Amino acid sequence: VQLQASGGGLVQAGGSLRLSCAASGSTFAFNTMGWYRQVQGKQRELVATIISSGTTNYADSVKGRFTISEDNANNAKNTVYLQMDSLKIEDTAIYYCYSKAWSGMAYWGKGTLVTVSS
Numbered sequence: 003v004q005l006q007a008s009g010g011g012l013v014q015a016g017g018s019l020r021l022s023c024a025a026s027g028s029t030f031a032f033n034t035m036g037w038y039r040q041v042q043g044k045q046r047e048l049v050a051t052i053i054s055s056g057t058t059n060y061a062d063s064v065k066g067r068f069t070i071s072e073d074n075a076n077n078a079k080n081t082v083y084l085q086m087d088s089l090k091i092e093d094t095a096i097y098y099c100y101s102k103a104w105s106g107m108a109y110w111g112k113g114t115l116v117t118v119s120s
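In the working numbering, the protein residues as written are 3 to 120.
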């Protein structure tokens, strides 16, 4: 299974970006997909997740600004999006796509850099 993230880049504070993550190499649906982020020298932290029922979970720091969604074509959970609005300088980080299969196996993408400037 490979997770390919895209959509990162440089944006001014207050702007928006949309991250995408497509899973390939899997014939099964995932139980959970989501996004984590990491700043150099700090632990990786949860940003947002979405589970098979459609229930979403957000870090307090992004609630009301970020929206996670998925593409469930053919009932297969294989693409997840993160719409990031009202970006702040402190949102600057490497964003990692994450997925977990029903078996419990977890997968990580390589990460995409988001830089928010003043």
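Just so it is clear, CB atoms sit at the ideal spot from N, CA and C, and this is done for glycine as well.
All of these numbers come straight from a predicted model, not from anything done at the bench.
Where M107 falls, given that 16 or more other Cβ within 10 Å makes a residue buried: In the sequence shown, the residue the question calls residue 107 occupies position 105. Exposure of M107 is indicated by the presence of fewer than 16 other C-beta atoms within 10 angstroms of its C-beta.
Report the residue from K44, S55 and A15 whose alpha carbon sits nearest the alpha carbon of N33. One-based indexing of the sequence shown puts residue 33 at position 31. Comparing Cα positions, the closest option is S55.
CA-CA distance, S105 and Q42? Numbered from 1 along the sequence shown, position 103 holds the residue referred to as residue 105. Numbered from 1 along the sequence shown, position 40 holds the residue referred to as residue 42. When rounded, the distance between both Cα atoms is 31 angstroms.
Please confirm if S71 has its CB atom under 7 angstroms from at least one CB of chain D. No chain D is present in this structure, which holds just one protein chain.
Less than 6 angstroms between C-beta atoms, sequence neighbours within five positions excluded: which residues of the same chain meet that for S26? The residue you call residue 26 lines up with position 24 of the sequence shown. By the criterion of a C-beta distance shorter than 6 angstroms, S26 is surrounded in its chain by Q4, once the five residues flanking it on both sides are discounted.
Assuming L12 contacts S101 under a Cβ cut-off of 8 angstroms, what Cβ separation, rounded to an integer in Å, is found between them? On the sequence shown, residue 12 is found 10 positions in, with the first residue counted as 1. On the sequence shown, residue 101 is found 99 positions in, with the first residue counted as 1. S101 and L12 do not touch by the CB rule: their CB atoms are close to 27 angstroms apart, not below 8 angstroms.
Mind pulling the beta strand (DSSP E) runs of 3 or more residues that sit fully within the stretch 17 to 99? Secondary structure within the stretch 17 to 99: the beta strand (DSSP E) runs of 3 or more consecutive residues, fully enclosed, are 19 to 26, 32 to 40, 47 to 53, 58 to 60, 68 to 73 and 81 to 86 (chain order).
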